[in-house]
Amino acid sequence: MPDPPAAVVLVLHGGRQDSLAPTRSGQLAILRMVPIARRIGRLGRGRLAVARLRYGVRGWNGDLQSPVTDARWALDQLSARFPDLPIGLVGHSMGGRTALRVAGHDAVRSVVALAPWLPRGEPTSQLAGRNVLLVHGTADRMTSPKGSAAVAEQLREAGVSSSFIELIGERHAMLGKPRLWHDLSAGFLTATLLGDDIAVAIGGRQSERAEATNLLRRVMRGESRITV
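In terms of numbering that gives the first Met the number 0, the sequence shown is residues 0 to 227.
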């Protein structure tokens, strides 16, 4: 029998500002997170249990905060199934906002927010004691890289272990350098949840993974803002 996992990762997809329409498995926001989940699973080598959540509806929906309710339910379910295991979160766009919002759950240790939607005034106190990585493209016209930079700086000032990676020319869909987005997410979660060295966490041929490896080494050394 395979060894039991040592940690858990919950993957959160994006959505819309307002929509009560049900989500469908073939929607692009959901499909966009599939390769990231697979990459995390491969790098975890059986030590990471990876779960993908599909929200009930597509929108955030103001005070309803629809995906937050779903994500908190999922965290409770994962904690019951894998008691005492640390949990990492990775989310894109609205999923990044959701990941940061629910990170106060007792089991959460690490969060990756990819091109997150972060309106001014987002709460951050729930991120105390967590490892946080925000990644955003400078050419994003859907969500604000300046918003991500501001949240990362706010977290650093509060003593939270956080870094912001700014990818020049990358857009919201993460299609310019998809492997880099995938490796940054998987490598950070593998390193922070399992304690792997970055070179081990990234894996693969050094030439193929060099950029992500170098960036994550800088993150783990404590650099707060990196532009590449």
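Heads up, the beta-carbon is just placed ideally off N, CA and C, and yes, glycines get one too.
- In this structure, the straight-line span from the alpha carbon of Gly186 to that of Met219 is close to 11 Å.
- By the neighbour-count criterion, in which a residue is buried when 16 or more other Cβ atoms sit within 10 angstroms of its Cβ, Pro82 is exposed.
- Using a 10 angstroms sphere on the CB of Val227, the tally of other CB atoms stays under 16, which defines it as exposed.
- Counting along the chain, Ile164 sits inside no alpha helix (DSSP H); it lies in the beta strand (DSSP E) bounded by residues Ser160 to Leu166.
- Beta-bridge pairing by DSSP links Leu47 to Ala6.
- Closest in alpha carbon position to Ser162, among Ala5, Trp59, Ser223 and Gly43, is Ser223.
- In this structure, Thr142 lies near Ala114, with their beta-carbon atoms less than 8 Å apart.
- Classified as buried, Ser109 has 16 or more neighbouring CB atoms from the shown chains inside 10 Å of its CB.
- By the Cβ test, the region 37 to 52 is in contact with the region 4 to 13, since at least three Cβ pairs between them sit closer than 8 Å.
- As computed with DSSP, His12 is found in no beta bridge at all.
- Of all C-beta pairs linking the region 10 to 22 to the region 85 to 104, three or more are shorter than 8 Å, placing the two stretches in contact.
- Boundaries of the alpha helix (DSSP H) harbouring Leu30: Leu27 to Leu30, taken from the DSSP string.
- Using a Cβ-Cβ distance cut-off of 8 Å, the region 153 to 162 and the region 118 to 135 are in contact, since at least three pairs of beta carbons, one from each stretch, lie closer than that value.
- DSSP places Leu193 in no beta strand (DSSP E) but in the uninterrupted alpha helix (DSSP H) bounded by Pro177 to Leu193.
- Going by DSSP, Arg108 is part of the beta strand (DSSP E) stretching over Val107 to Leu113.
- Ranked by Cα distance from Trp72, the options Trp59, Leu52, Ile167 and Asp139 are led by Leu52.
- Under the three-state reduction of DSSP output, Arg170 falls in the coil class, being neither helix nor strand.
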